[in-house]
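*Asks:* Below is the structure I would like to discuss, written out as structure tokens.
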Amino acid sequence: MKIHYAHHPDDVKNYTTEKLRNEFLMETVFKENEVELAYSHVDRIIYGGAMPVEKALTLDAGKELAAEYFLERREMGVINIGGDGVIVLDGEEYEINNREGIYIGRGTKEVVFKSNEANQPAKFYINSCPAHKTYPTVKVDLEKAIARPLGEDAAMNKRTIHQFIHPDVLDSCQLSMGMTVLEEGSGWNTMPAHTHERRMEVYFYFNMEEDTRVFHLMGQPHETRHIVMSNEQAVLSPSWSIHSGIGTRNYTFIWGMCGENQDFDDMDHVAMKDLR
């Protein structure tokens, strides 16, 4: 598990491209038969992926959490972007197929990931953050998620936001999570940009062609930077940073947030004229 310490925006101004990518980009989220995770000191979020192929994968706490088991003091959200699979929680099996998700409450001791077929393995994308209370585990598919169509063809940002883990869908301590699908011909996400000082965010880009790239924008509004991203990569966004992107073709991304509140519309909007 790679550890990411907090970053002051004045320091980030001086980062090289290589340093910026090393500190904020998770280049490899999925490895066959492994659980790949990153731990950020920004609101203590953990994010990454589990890709079981020939064997089931068990989620262990590791020394980084100093806990008996991974969800002893945490909650977790998972969305499957691969083949059909199963998540076993304390012996109970949940079928989590492509573009289905699940919220897992604090106190779940055993978490096991399995694929139904090795030649079409599941790819379980994971977000986890500290939890102060135990809420029930809930499976969420696209029908249960809240769909919010946004954007327009003329602005190249026609998209649908699917809110999987959201106060109007289920109870969680602080984790919010969802998936945004851009339509063909659209490339912009979250522009005009915003920040939200009260919570951080992680973007995971996928459903991209081999030669498609997303130019992910970050940094303070008056001091922006960019990271060039390819398929199935994740990027960390501190609360002081904008988080937006433009793709060479349409794509899909999963967003996850944790922090002070769960008000999805609590945003500090940035006027286009103020971006630098």
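Numbering (the numbering used here), first residue to last: 449 to 724.
We put the CB at the ideal spot given by N, CA and C, even for glycine.
Which value, in whole angstroms, describes the spacing of the CA atoms of N545 and G525?
*Replies:* 14 angstroms
*Asks:* Quick one: measure Cβ to Cβ for N706 and M639, integer angstroms, because I've assumed they're closer than 8 angstroms.
*Replies:* The question names Asn, yet the displayed sequence has Cys at residue 706. The pair is not a contact, with the Cβ atoms about 23 angstroms apart (cut-off 8 angstroms).
*Asks:* Straight-line CA distance for P457 to H644?
*Replies:* 14 angstroms
*Asks:* Pick helix, strand or coil for V676, following the three-state DSSP scheme.
*Replies:* strand
*Asks:* What is the C-beta distance between F652 and I594, in whole angstroms, given that I count them as a contact (C-beta under 8 angstroms)?
*Replies:* 19 angstroms between Cβ atoms; not a contact.
*Asks:* In three-state DSSP terms, what is D716?
*Replies:* strand
*Asks:* Tell me M625's beta-bridge partners as DSSP assigns them.
*Replies:* I613 and G704
*Asks:* May I ask you to verify whether the region 558-573 touches the region 493-511, counting CB pairs closer than 8 angstroms and requiring at least 3?
*Replies:* yes
*Asks:* For G633, count the other beta carbons within 10 Å of its own beta carbon; 16 or more makes it buried, fewer makes it exposed. Which is it?
*Replies:* exposed
*Asks:* Is there contact between the region 580-589 and the region 542-556, where contact requires at least three CB pairs shorter than 8 angstroms?
*Replies:* At 8 angstroms Cβ cutoff, the stretches touch.
*Asks:* Could you please give the first and the last residue of the uninterrupted beta strand (DSSP E) stretch that includes P597?
*Replies:* I594 to L598
*Asks:* With distance defined between alpha-carbon atoms, name the residue in G555, T465, S620 and L598 nearest to T672.
*Replies:* T465
*Asks:* Taking DSSP as the reference, what is the three-state secondary structure of L450?
*Replies:* Before going further, note that residue 450 is Lys rather than Leu in the sequence given. In the structure shown, K450 sits in a strand (DSSP, three-state: E or B).
*Asks:* Determine the DSSP secondary structure at G539, reduced to helix, strand or coil.
*Replies:* Coil, per DSSP.
*Asks:* Does the separation of the CB atoms of G553 and E523 fall below 7 angstroms?
*Replies:* yes
*Asks:* Could you tell me whether the Cβ atoms of D532 and Y583 are closer together than 7 angstroms?
*Replies:* no
*Asks:* Going by CA-CA distance only, name the one from S488, S689 and N709 that's closest to S576.
*Replies:* S488
*Asks:* Residues in its own chain within less than 7 angstroms of F663 by CB, not counting five upstream and five downstream?
*Replies:* H674, V676, G693 and I694
*Asks:* I'd like the list of long-range same chain contacts for N709, defined as Cβ closer than 7 angstroms, with 5 residues on each side in sequence excluded.
*Replies:* R646 and R647
*Asks:* Take the Cβ of G635 as the centre, count every other Cβ of all protein chains shown within 10 Å, and call the residue buried at 16 or more, exposed below.
*Replies:* That one is buried.
*Asks:* Are the beta-carbon atoms belonging to V536 and E543 less than 7 angstroms from one another?
*Replies:* no
*Asks:* What number of angstroms, rounded off, separates the C-alpha of M656 from the C-alpha of N679?
*Replies:* 5 angstroms
*Asks:* Looking at K571: is its Cβ nearer than 7 angstroms to the Cβ of F478?
*Replies:* yes
*Asks:* Would you call T585 buried or exposed, if buried means 16 or more other Cβ atoms sit within 10 Å of its Cβ?
*Replies:* buried
*Asks:* Can you list, in chain order, the residues of its chain whose CB lies under 7 angstroms from that of G667, leaving out five sequence neighbours each side?
*Replies:* V460, R673, S689 and I690
*Asks:* Can you list, in chain order, the residues of its chain whose CB lies under 8 angstroms from that of D616, leaving out five sequence neighbours each side?
*Replies:* I594
*Asks:* Taking 7 angstroms as the cut-off, decide whether the C-beta atoms of M625 and I613 are in contact.
*Replies:* Taking 7 angstroms as the cut-off, the Cβ atoms of M625 and I613 count as close.
*Asks:* Ordered along the chain, which non-local residues of its own chain (more than five positions away) have a Cβ less than 6 angstroms from that of H670?
*Replies:* R724
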